[in-house]
Structures are given as C-alpha cells and as structure tokens.
Amino acid sequence: MKIYHTAKIACLLLAVLQLTSCGTHPAVAAGLGGVDTVFTSIDAQPETLSDELSGQFLPGWEGSGALRRFRTESGGYAVGLTEIDGESYFFGWDGFIRPGWIETDEDGRTVWRYAGSDGTLADGLTEIGGEWYWFEDCEMVTGWIETDEGRMYAGEDGALVRNGLAEGQWMDGDGYAIPETFTPDPELMEQVDAVINSCPDGISVVFSDLVSGQRWSWNETRSYYIASVFKLPYSLWLFERADAGEIDLDMTIPFTAENHRGNAGIIQFTEYGTLYSLHELIADALIYSDNTALEMLKSEFSPDDFDQWINTDRFGLTAEMSDSTDTMTNASDCCTFAGMAFAYMESGAEHADEFAASYCASEDRLIESELLTGQKYGWWENALHTASVIYADRPFAIAICTNWEARTPEDEANIQAVFDAVCAVFSGVSPRRGARAASLPGF
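For reference, each letter of the sequence shown is one residue, going -29 to -1, 1 to 414 in mature numbering (1 follows the signal peptide of the UniProt record, and there is no 0).
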C-alpha cells in the first residue's frame, strides 16, 4: 500500500492545526447540500497527527462512515490532503475524514473541495445536489474550463451553466458551449418547406436561431390580427417597468363589471370586488390568456406608454403596434416577441424567473413538445397563432401565424406538423444530449 502526502516532512512537526469558523459553500446556501454534509474551514495542513503509540498499531484504515481515519506507517494519523492508493482524501485535525464541502485557505487563496461519504475527494466532472461541478486536482474550478469534449463555464459557486448563457455564449444541457454559427441540415430544411407548403393557404412561419440570430421565413410580412399574442410583449413591458422600480407588482386592482371581458380565462368565475395583484394578473394573462386580466392591467397603465415602448427602434418591428388585441401584426414581429421573451428570461433581471414560470406554463398550447417550451397563443376572428421559445439543443424562437378561424383538429395538426419539422432542425445538433436540464435555473 503506497501513501503519498502533499505537505513536506517538516509539516509533521506543526503543533497546531488552526480551525476557523465553518464555511458555507454557495450551493449549500442555495439549499443544494445534503443534510449530512459537513463543512470545515482549515487554514493549515500538516501531514500527520502523531501520537505516542507509534509502532504499536498496523497502518491502514480504522473506523467506519464519517469516523474513518487512516493510520500511517509512522503510527500517527493522516491529516490534511492525502493520497492513498490513488485516491485523494482530506482529513481533519483529529484525523477523521471530512465528507461534504471543505473550504481551505491556502496562501491567501480560498479553495473548495468536495468529499463523498467515504471521504474520497471529487475530481473532474461531478454531480452534487443536482448541480454539476468541475474539479481540477480535487479543487473546484470557476470560470471557463477547457475539456477534451469542449468548453464549459462554472459560475462563482462552481455550478456549471447548463441550458443558459455564460458571458454571452449559450451552454447546452450538458454544460458545453455550442458553436455560435449554425448551418441547418439542407434535407431537414427541405422537409420544413414541404410541410409548410402542404398546409392550407393563409399560414406564415418565421423561426430564429437564438444563438446566432439567423432567421428563416415564409410569408413573413402577411398581416393578421395579433389576438392574444399581444399579451406577450405587454407582459414584458410591465415586468421591465417593475425591474426599474416604476411599478409595484404587489399593488391590487379590483375585478368589476366594467373590466370584465369575454369568457376567456379564470377571473370570470370570481366575484366582483375581488382584488388581484399585478403578479396574479400578469400570470393569468400569460397562463390562461385571461382577457379580463389584460383589461384590468390596461385600466391602470396608460396604453400610450406601451405604444411608445414597443414601437421604438430597440425592437425593430416591421409593423407599428397599438395597445389592443385587434392591432395588426405579422409572423416576423411575433418571432421578435418570442426573441424578446427569451432575452428577458436569460437576462437575470429581478422578475425574469417569474415571467419565465408563467410563459412556460401556458394552459392552452398550440404546440406540444417534451422540450421546455414557452408559448403564447392567439385565437380570434381569422387568427390562430403561436409565438414560442423552445429550449432545443440550439434554442430557437418560432412564430406560426394563420388566418384559420375555426381552430379545427386539422388546423392544430397542421401547426404541430410545422413545429415538429422546425424542431428537428434544431434538435440533435449537439453531440451531448443525455444530461439535458429539466427546466431553467430558478424555476
């Protein structure tokens, strides 16, 4: 049995192993640590803890579980960072293993390590509490990481960014950066074209690669009533104002006969006089496409302000919008709305997760997918649309606009077929798909 120690022999004579206050890894503060996790901050690392019984016991492991320690050939117990038979361990001043997160101060540099229940230190790619971390020589790494399979990025807490942006670059579900440029498979694009052309007249399709910004379109500027797709940019406007401190989402608005609109949504089933917070109204508008929720919001916030916000050069719409669900739009602008939603969800803004939770939980969905999908549909006279964000291997936005009024099963099947063909273009482009995240961080 071979034993290697990282400290020099002089460390054997170190008299005191100083212990500081228990360290708390950011993952634990976020609730990701196990209940049995032990946290120890250690400033010094002598090699062994000698005793006067040297030579009276055989070297090797003693005890079990968290009470394991290793007696060295000199008779003392291993202390600090120690390699035993090719595995690395970290022993406390008392010689016992330290399972869980371990914080050390080494020459003024804070180092985090993680030990399993048997004391073995994590190295390489490791899953802890549902998050993935990268350890180099058993030390947790942050920032950009170069691996044989590609680039990865770990935040300040060490957790790898997955299905999200890292310093402007999109990371896939396994935590690897995907190429910024994208060339779709020509055969898959031919299938998209064939499916769209097989649909009844009156359909427009625009989809965009949300990594590179590339777009593909069919009848992109054909005009349609925007219908309830309007609720998507309107909700983004309110959240952006809340982020800026201009409105308080805790404020309430009463449900009255004056702001009761149509049969869509759930507010209609409550009594007049019921108070709803802005949080609730925006969620109802996005999840249930509640027309009354939208009317209650519009009664409080000037439509003119929304018009000025949405029609600026910032968004580059091709058709001027008004403050109503009967304004005209096109698939190009609806795809822009979906892109705006994606940018906001990934922005880290104060209310980004709140918006994403509602946008990705729509009750009435024109498209079905196993992938995480945010979508806002619209259905009105001569209007059946969706403006969606799909977290495929390459995230993409898609707008499908039609003048199909009836919303028949055939209409829905055609829209689903278009979506499936487009989704195939963006799925399977990453060589690593096994660890796809189930949802966005923060949901």
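Even glycine gets a Cβ: it sits at the ideal position worked out from N, Cα and C. Note that the structure is predicted; figures quoted are calculated from it, not measured.
Neighbourhood of residue i by C-beta distance below 6 Å, restricted to the same chain and skipping five residues each side
i	result
Asp221	Ser248
Val396	Pro155 and Leu159
Ser398	Ala363 and Asp364
Cβ-based neighbour list, residue i, same chain, cut-off 7 Å, excluding 5 preceding and 5 following
i	result
Met311	Pro204, Leu207 and Phe286
Asp7	Low per-residue confidence applies at Asp7: pLDDT is 33, beneath 50, and the placement is therefore not dependable, though the value from the model is reported in the following sentence. Contacts found: none.
Ala332	Ile258
Thr227	Tyr243
Ala235	Ser260, Asp261 and Asn262
Ser183	Glu151, Thr152 and Phe153
Distance CB(residue i)-CB(residue j) smaller than 8 Å
i	j	result
Ala323	Tyr315	yes
Gly34	Arg40	yes
Ile369	Cys306	yes
residue 422	Tyr348	Beyond the ends of the chain as shown, which are -29 and 414, falls residue 422; an answer cannot be given.
Cys109	Asn385	no
Ser175	Cys394	no
Ala363	Leu342	yes
residue 437	Arg80	Because residue 437 is not part of the residues shown, which for the chain are -29 to 414, the question remains open.
Phe313	Val389	no
Nearest candidate by alpha-carbon position, reference residue i, set the options
i	options	result
Ala392	Asp172, Ala215 and Phe178	Phe178
Asp94	Trp115, Gly57 and Arg186	Gly57
Glu352	Ala358, Trp375, Glu339 and Leu337	Trp375
Arg212	Ile281, Ala264, Gln239 and Ile174	Ile281
Ile55	Asn134, Ala388 and Thr91	Thr91
Gly233	Leu342, Phe210 and Ser199	Ser199
Ser303	Ile218, Ser188 and Glu383	Ser188
Met142	Asp119, Glu291 and Trp115	Trp115
Leu355	Glu383, Gln185 and Glu251	Glu383
residue 421	Asp278, Asp297, Asp145 and Leu246	The chain is shown from -29 up to 414; residue 421 falls before or after that span and cannot be answered.
Phe210	Asp335, Phe277 and Ser270	Phe277
Where residue i falls, given that 16 or more other Cβ within 10 Å makes a residue buried
i	result
Leu29	exposed
Ala86	buried
Phe240	exposed
Thr300	buried
Gln346	buried
Gly129	buried
Ala165	exposed
Asn168	exposed
Ala137	buried
Gly26	With a pLDDT of 47 at Gly26, under the threshold of 50, the modelled position of this residue cannot be trusted; read the value that follows with caution. Exposed, by the Cβ-count rule.
Residue i: CB within 7 Å of a non-hydrogen atom of the ligand FMN
i	result
Thr154	Because no ligand of any kind appears in the structure shown, any question about the ligand FMN cannot be addressed here.
Close Cβ partners of residue i (< 8 Å) along its chain, the five nearest in sequence each way excluded
i	result
Gly36	Ser88
Exercise for the section: Could you pull out every unbroken beta strand (DSSP E) segment of at least 3 residues lying fully inside the segment 56 to 116, listed in chain order? Expected result: When DSSP assignments are scanned along the segment 56 to 116, the uninterrupted stretches of beta strand (DSSP E) that are 3 or more residues long and fall wholly within it turn out to be 58 to 62, 71 to 77, 80 to 86, 95 to 99 and 102 to 107.
Problem - Ordered list of beta strand (DSSP E) runs contained in the segment 342 to 386, each at least 3 residues - result: Listed in chain order, the complete beta strand (DSSP E) runs (minimum 3 residues) inside the segment 342 to 386 are 344 to 351, 354 to 361 and 367 to 373.
Practice task
Can you check the segment 208 to 296 for any alpha helix (DSSP H) of at least 4 residues that lies completely inside it and give the ranges in chain order?
Solution key: Within the segment 208 to 296, the runs of alpha helix (DSSP H) that reach at least 4 residues and sit entirely inside it are, in chain order, 249 to 258, 262 to 271 and 274 to 281.
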